[in-house]
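Have a look at the structure below, then the notes.
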Amino acid sequence: MNHISLPDQAGHFDAFGGRYVPEALIAALNQLEAEFDRASLEPAFWQELDELRRNYSGRPTPLTEVPKFAQHCGRARIFLKREDLNHTGSHKINNVLGQALLTRRMGKTRVIAETGAGQHGVATATAAALLGMECRVYMGRVDTDRQALNVARMQLLGAEVVAVESGSQTLKDAMNEAMRDWVASVDNTHYLIGTVGGPHPFPKMVREFQRVISTEIKAQVRERFDRLPDAVAACVGGGSNAIGTFADFIDEPEVALYGFEAGGDGVETGRHAASIQGGSIGVLHGMRTYILQDADGQTMESHSISAGLDYPGVGPEHAWLAATGRAHYEAVTDTEAMAAFQLLCRTEGIMPAIESAHALAGVIRLGQRLAVEQPHAEPLIVACLSGRGDKDVDTAITYFGLPGHPDLYTGGVA
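Heads up: the sequence shown begins at 1 in full-length UniProt numbering, then just goes up one per residue.
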């Protein structure tokens, strides 16, 4: 099936995607789909969004070569697409600004969101403040504890943050609560989903708002090298930064696509969040896709050191890309990701989000593998640095066993 035609009118990516939602949400999804389709055809909508991206968010983001980091990646030249330099610190703002404009066009005054690492929550709270909307963000209790900085940022921006106590108290449960809220408040509320998941039209719509990542990569690489990259790579939880990185290259077969899932303690241990590598086809949060489930079809708890990747499903377009073989997906363990996190910090002076560190670890593995398979090649690989690591400092302190906090009086360590 030709990618350009996907999803079909019912929101299917071949066997994946669709709408599996309560009847009460069908009208809201139809309204959203119609508004997105109308807006997509209006140059004025894209001009307003482009104005916000350039003069509020800070696009285009740079493409940074990291030669000292690349010394660990065989003979590959490694470039980072710096989504961490966006306003609010991640790629999430790309999609949020687009959906916030649609919310205003639909005449709704309230947005809700779910968030794991807090990056999508902060971006949503930011857009709500900018456009004068009420905002509530659902977040698992475990994630509010490990991402306290982003909780405070959301509150300072005027959002109400609801800590979800049910289930595993992580992203899956936050999404369940947001769905319940939306069913009860759909008349004045838009559910601003942050990933390429959920019911149609969210996977298509979020892809189009994140497409700017690959559009810029293609133009920047062509300007510098007069060709396309050999491969692009990104971390995959739900998959929004990855689909943005892939979108303009899906129909360019000479460019390899690599997605790196959260392997946690290792797929073989069962403690992971690698839905493609370790899951099976099922239904979750309104979509048919690869999910982590038991023999009875019950959703299993996921595990990752990264709150942003700690989710037991993946966007349906990624499921389709994996099933057709167009994109390659591999699992990266917590240990590998944290080693890459530390390596980028110390070789290039760039602190990545732990989510992004999964892509960096995958690129190290990919570069070393290509050096064996193609010993005379010098592949050009672009990895998406989806977010910055400020929010993950407490996790890194604990993981690396750092001795304490700076002493403001002596300059030493308390």
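The beta-carbon is built from N, C-alpha and C at its ideal position, and this holds for glycine as well.
Nearest in C-alpha terms to threonine 170, of all of Gln147, Thr347, Val363, Gly158, is Gln147. Counting along the chain, no alpha helix (DSSP H) covers lysine 108, and no H or E run does either. For serine 40 and proline 60, the gap between their C-alpha atoms comes out near 21 Å. Counting only residues of its own chain and dropping the five nearest sequence neighbours on each side, threonine 333 has a CB closer than 6 Å to the CB of Gly263, Gly266. Assignment of aspartate 265 by DSSP, reduced to helix, strand and coil, places it in the strand class. Of the residues assessed, glutamate 114 falls on the buried side of the cut-off, its CB having 16 or more other CB atoms within 10 angstroms. Here histidine 87 has Tyr56, Ser57, Gly58, Ile93, Thr126 as same chain residues with Cβ atoms under 8 Å from its own Cβ, once five neighbours each way along the sequence are excluded. Counting along the chain, histidine 318 sits inside the alpha helix (DSSP H) bounded by residues 316–324. Taking a C-beta distance under 8 Å as the contact criterion, alanine 234 and glycine 259 qualify as a contact pair. The segment 352–360 and the segment 242–262 touch, with no fewer than 3 CB-CB distances between them shorter than 8 Å. DSSP links glycine 387 through a beta bridge to Ser90. Selection Arg271, Gln342, Gly401, His376 evaluated against glycine 389 yields Gln342 as nearest (Cα-Cα). Cβ contact annotation for methionine 300 (same chain, cutoff 7 Å, sequence separation greater than five): Leu292, Gln293, Asp294, Pro312, in chain order. Where glutamate 355 is concerned, the enclosing alpha helix (DSSP H) starts and stops at 354–373. Setting aside the 5 residues that flank it on each side, aspartate 296 has no residue in the same chain whose C-beta is closer than 8 Å to its C-beta. Judged by DSSP secondary structure, cysteine 345 falls within the alpha helix (DSSP H) whose first and last residues are 334–348. Distance between lysine 108 and threonine 189, taken at the CA atoms: about 6 Å. Phenylalanine 79: member of the beta strand (DSSP E) spanning 77–82, first to last residue.
Per DSSP, tyrosine 56 is not a residue of any beta strand (DSSP E), being assigned neither H nor E.
Beyond the five residues adjoining it in sequence on each side, glutamate 83 comes within less than 7 Å, by CB distance, of Thr61, Ser90, His91, Ile213, Asn241, Cys384, Leu385, Ser386, Gly387 in the same chain, given in chain order. DSSP, reduced to helix, strand and coil, places leucine 49 within a helical segment of the structure shown. Under the 8 Å Cβ criterion, the segment 196–205 does not count as touching the segment 322–330, having fewer than three qualifying pairs. In the DSSP assignment, serine 275 falls outside any beta strand (DSSP E) and within the unbroken alpha helix (DSSP H) covering 275–278.
The beta carbon of glycine 167 sits closer than 6 Å to the beta carbons of Asp173 from its chain, once the five residues preceding and following it are set aside; these are given in chain order. Within 10 angstroms of the beta-carbon of phenylalanine 225 lie fewer than 16 other beta-carbons, which makes it exposed.
For arginine 77, the closest C-alpha among the options Met338, Gly18, Ile364 is that of Ile364. By the criterion of a C-beta distance shorter than 6 Å, threonine 64 is surrounded in its chain by Leu80, Arg82, once the five residues flanking it on both sides are discounted. If you draw a straight line from the Cα of alanine 319 to the Cα of alanine 117, it comes to about 23 Å. For methionine 351, there is no enclosing beta strand (DSSP E), as DSSP marks it with neither H nor E. If you ignore the 5 residues before and after isoleucine 193, its C-beta comes within less than 6 Å of the C-beta of Phe202, all in its own chain and listed in chain order. Judged by DSSP secondary structure, tyrosine 290 falls within the beta strand (DSSP E) whose first and last residues are 287–291.
Between arginine 136 and glutamate 160, the gap from beta carbon to beta carbon is short of 8 Å.
Under the rule that a run must span 3 or more residues, the beta strand (DSSP E) segments found entirely inside the segment 132–198 read 134–140, 160–164, 189–191. When Asp248, Leu149, Pro379 are compared, the shortest CA-CA separation from valine 393 is found for Leu149.
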